[in-house]
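Written out below as structure tokens is the structure these notes cover.
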Amino acid sequence: MSEKVYCKYCGSSASSVSSLTQSSRTCQKNPEGKYHVPYEGSEKSKYTCKYCGTERSSISGLTQYSCSKNPHGKYHEPL
Numbered sequence: 007m008s009e010k011v012y013c014k015y016c017g018s019s020a021s022s023v024s025s026l027t028q029s030s031r032t033c034q035k036n037p038e039g040k041y042h043v044p045y046e047g048s049e050k051s052k053y054t055c056k057y058c059g060t061e062r063s064s065i066s067g068l069t070q071y072s073c074s075k076n077p078h079g080k081y082h083e084p085l
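Following our numbering from start to finish, the sequence shown increments by one per residue and tops out at 85.
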């Protein structure tokens, strides 16, 4: 069973990095551009925001809320 690849800004998943980052798939939460960016960590039972410490059980659950302490964007960003 292969691991899924997740976008660090929105939690969208794909079966590979190339599938996640293809030009037809855009990420509306990426503050640096318009495409998905692979999350470089491993799958976890909880994801923690690197700016404020908020925890959620998924990247998509974490990134759906705004983070007032994120200097680069509007949403929580996983460690």
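No residue lacks a Cβ here, since even glycine has one placed at the ideal position from N, Cα and C.
query = Looking at C-alpha atoms only, which residue of TYR71, CYS16 and SER51 is the closest neighbour of GLU38?
reply = CYS16
ask   = Where PRO44 and SER74 are concerned, what is the direct C-alpha to C-alpha distance, given to the nearest angstrom?
value = 23 angstroms
inquiry  = Quick check on this structure: which residue in LYS40, SER29 and THR54 has the alpha carbon closest to the alpha carbon of LEU85?
reply    = THR54
Rounded distance between the beta-carbons of SER63 and SER51, thought under 8 angstroms = 7 angstroms
request  = Within the same chain, show all residues whose beta-carbon is closer than 7 angstroms to that of SER66, passing over the 5 residues directly before and after it, in chain order.
outcome  = CYS16 and GLY17
task = Can you give me the start and stop residues for the alpha helix (DSSP H) that LEU26 sits inside?
result = 23-26
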